[in-house]
DNA sequence: AAATATACTTAACACTGTTAAGTATCCAAA
DNA sequence: TTTGGATACTTAACAGTGTTAAGTATATTT
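Residue numbers (the numbering used here), protein chains in the order written: chain X, 677 to 885; chain Y, 677 to 885.
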């Protein structure tokens with residue numbers, strides 16, 4: 677079936693064109709400028725054509741959100757070679773914050789915007805795979821730190837949630853401008869590092885006694 | 677100048693009508709249904725009249741955000757009588773999470789949406805007073821706990837930021853549906869409590885030795 | 001009575017996501 | 001070769017959004 681194969685290829689090629697255009701708009705003009713009409717302009721098709729390749733805008737934004745996770749994965753390359761789980765946890769937290777602050781729009785789409793989750797809702801398996809994978813790595817690291825007696829043993833799920841909550845809270849308060857009027861802009865990053873250090877030093881058992 | 681006073685009163689009365697209508701839409705139909713035209717419909721004026729009383733929609737949303745902080749303050753009444761700063765800190769955290777989860781749209785406007793901060797940006801003093809007050813209370817409690825030797829001494833600003841970050845992170849991940857596909861919906865609230873307890877127990881020096 | 005200030009409205013601009021209906025183009029069967 | 005149908009795409013429209021310039025009554029002041 678050479679013909680239907682070529683058809684299929686064309687289908688995925690136009691899908692790629694749409695996603696490329698979306699990404700271009702996203703990185704060059706920001707989230708609010710990713711509109712169906714502007715995408716259509718770039719790929720030189722009519723706006724309605726976009727709907728022949730994607731169910732709705734949420735599905736496009738879900739794909740951008742996935743690319744965000746890929747970018748984050750690249751950003752975290754080399755982290756998984758770190759043997760000491762506590763040190764790895766430290767670097768993971770630092771990287772998470774750094775990634776969020778240097779890619780605020782990307783982070784926003786991944787962890788704040790509703791659109792990608794609404795796209796998942798209308799899917800068959802209805803799973804947030806990217807999120808699961810990312811949290812999984814955190815859990816594994818914390819489990820390992822507990823097993824080795826580096827931090828106090830406890831509910832891994834709750835502790836993971838707490839640590840993720842803290843770094844996400846710091847990043848999202850920052851990129852949604854809740855720190856702007858609260859403190860010197862030059863101090864927010866050091867302060868966030870300090871907050872993370874405080875948490876990780878507090879749970880660290882290796883330094884004590 | 678009785679006449680200009682009456683004028684002024686009328687001005688504030690219509691402002692109140694607009695805000696009442698906005699709040700009505702907000703609580704009955706949700707954030708996405710607060711539109712200038714719908715507000716105008718309720719108060720039985722034309723949409724453009726709204727702009728004679730408010731600079732833009734952001735200014736209206738800023739006012740709703742302020743009402744949110746008032747609601748939160750009422751929610752927290754009785755907290756300030758608690759003598760033990762560590763216990764108070766505990767209850768503050770619990771209340772913060774509870775408030776966020778029971779008033780998600782309200783919380784969203786207060787701590788996630790951009791609109792209120794954009795309204796502040798175009799103001800004269802350019803200060804987030806409500807945020808300052810709320811964080812101030814957290815700082816005071818943490819300072820007190822440090823002074824009394826209940827928790828490890830450290831940078832109050834960083835610790836406050838960390839704790840606020842964590843509770844905000846948990847609430848915002850929850851109300852922006854990042855936990856939905858991650859765990860049993862019935863377990864998220866207990867899990868969040870557990871995460872908070874874990875943090876506060878970890879920093880608690882009163883139980884140790 | 002005329003001029004001016006106040007309060008409000010109409011109409012429009014420039015957008016948004018989305019859908020129903022219509023039109024070419026290509027491919028296969030009669 | 002011609003006809004019929006699937007494929008790919010477009011036009012036009014719906015139902016909204018925030019916002020502004022310009023116009024119109026009404027009321028007040030000169």
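Here a beta-carbon is modelled for each residue, glycine too, at the ideal position from N, C-alpha and C.
Apart from the five residues just before and just after residue i, which ones in its own chain have a Cβ nearer than 7 Å to its Cβ?
| i | result |
| --- | --- |
| residue 742 (chain X) | 806 |
| residue 690 (chain Y) | 729 |
| residue 748 (chain Y) | 775 |
| residue 857 (chain Y) | none |
Please report the straight-line C-alpha distance between residue i and residue j, rounded to a whole angstrom.
| i | j | result |
| --- | --- | --- |
| residue 837 (chain X) | residue 720 (chain Y) | 48 Å |
| residue 733 (chain X) | residue 828 (chain Y) | 49 Å |
| residue 760 (chain Y) | residue 878 (chain Y) | 17 Å |
| residue 845 (chain X) | residue 843 (chain Y) | 7 Å |
| residue 714 (chain Y) | residue 867 (chain X) | 43 Å |
| residue 677 (chain Y) | residue 735 (chain Y) | The predicted model places residue 677 (chain Y) with a pLDDT of 37, which falls under 50 and marks its position as unreliable, so this point remains unresolved. |
| residue 798 (chain Y) | residue 728 (chain Y) | 17 Å |
| residue 767 (chain X) | residue 781 (chain X) | 22 Å |
| residue 701 (chain Y) | residue 862 (chain Y) | 29 Å |
| residue 774 (chain X) | residue 688 (chain Y) | 46 Å |
| residue 800 (chain X) | residue 731 (chain X) | 14 Å |
| residue 875 (chain Y) | residue 711 (chain Y) | 41 Å |
| residue 724 (chain X) | residue 707 (chain Y) | 28 Å |
| residue 769 (chain X) | residue 873 (chain X) | 9 Å |
| residue 756 (chain X) | residue 814 (chain X) | 11 Å |
| residue 785 (chain X) | residue 794 (chain X) | 12 Å |
| residue 764 (chain Y) | residue 881 (chain X) | 27 Å |
| residue 869 (chain Y) | residue 809 (chain X) | 24 Å |
| residue 883 (chain Y) | residue 717 (chain Y) | 59 Å |
| residue 802 (chain Y) | residue 824 (chain Y) | 35 Å |
| residue 804 (chain Y) | residue 783 (chain Y) | 15 Å |
| residue 704 (chain X) | residue 820 (chain Y) | 48 Å |
| residue 686 (chain X) | residue 860 (chain X) | 52 Å |
| residue 744 (chain X) | residue 777 (chain Y) | 27 Å |
| residue 826 (chain X) | residue 758 (chain X) | 15 Å |
| residue 726 (chain Y) | residue 697 (chain Y) | 11 Å |
| residue 750 (chain Y) | residue 779 (chain Y) | 13 Å |
Excluding five sequence neighbours on each side, which residues of the same chain lie with their C-beta closer than 8 Å to the C-beta of residue i?
| i | result |
| --- | --- |
| residue 811 (chain Y) | 836, 840 |
| residue 693 (chain X) | 719 |
| residue 871 (chain X) | 842, 846 |
| residue 864 (chain X) | 850, 855 |
| residue 832 (chain X) | 815, 818, 819, 822 |
| residue 830 (chain X) | 822 |
| residue 796 (chain X) | 738, 802, 803, 804 |
| residue 699 (chain X) | 740, 743 |
In its own chain, which residues sit with a C-beta less than 6 Å from the C-beta of residue i, not counting the 5 before and 5 after it?
| i | result |
| --- | --- |
| residue 752 (chain Y) | 771 |
| residue 695 (chain X) | 739 |
| residue 709 (chain X) | 701 |
| residue 817 (chain Y) | 761, 764, 765 |
Taking Cβ positions only, does residue i come closer than 7 Å to chain X?
| i | result |
| --- | --- |
| residue 813 (chain Y) | no |
| residue 733 (chain Y) | no |
| residue 793 (chain Y) | yes |
| residue 845 (chain Y) | yes |
| residue 773 (chain Y) | no |
| residue 837 (chain Y) | yes |
| residue 883 (chain Y) | no |
| residue 716 (chain Y) | no |
| residue 878 (chain Y) | yes |
| residue 834 (chain Y) | yes |
| residue 850 (chain Y) | no |
| residue 867 (chain Y) | yes |
| residue 874 (chain Y) | yes |
| residue 743 (chain Y) | no |
Taking CB distances under 7 Å as the criterion, tell me whether residue i reaches chain Y.
| i | result |
| --- | --- |
| residue 803 (chain X) | yes |
| residue 788 (chain X) | yes |
| residue 831 (chain X) | yes |
| residue 857 (chain X) | yes |
| residue 698 (chain X) | no |
| residue 810 (chain X) | no |
| residue 825 (chain X) | no |
| residue 677 (chain X) | Any reading at residue 677 (chain X) is ruled out, since the residue's pLDDT is 36, under 50, leaving its predicted position unreliable. |
| residue 841 (chain X) | yes |
Cβ pair count under 8 Å reaching 3, the stretch 782 to 795 of chain X against the stretch 839 to 859 of chain Y:
The stretch 782 to 795 of chain X, when compared against the stretch 839 to 859 of chain Y, does touch it at the 8 Å Cβ threshold.
Go through the stretch 770 to 807 of chain X residue by residue and report every complete run of the alpha helix (DSSP H) that reaches 4 residues or more, in order.
Along the stretch 770 to 807 of chain X, the alpha helix (DSSP H) occurs as fully enclosed runs of 4 or more residues at 780 to 787, 791 to 797, listed in sequence order.
As an exercise, report each continuous alpha helix (DSSP H) stretch of at least 4 residues that is fully enclosed by the stretch 707 to 753 of chain Y, in chain order.
Qualifying alpha helix (DSSP H) stretches, in chain order: 712 to 719, 723 to 726, 733 to 751.
Scan the stretch 815 to 853 of chain Y and note each continuous alpha helix (DSSP H) run of 4 residues or more that stays entirely inside, going in chain order.
Segments of the alpha helix (DSSP H) lying fully in the stretch 815 to 853 of chain Y: 832 to 851.
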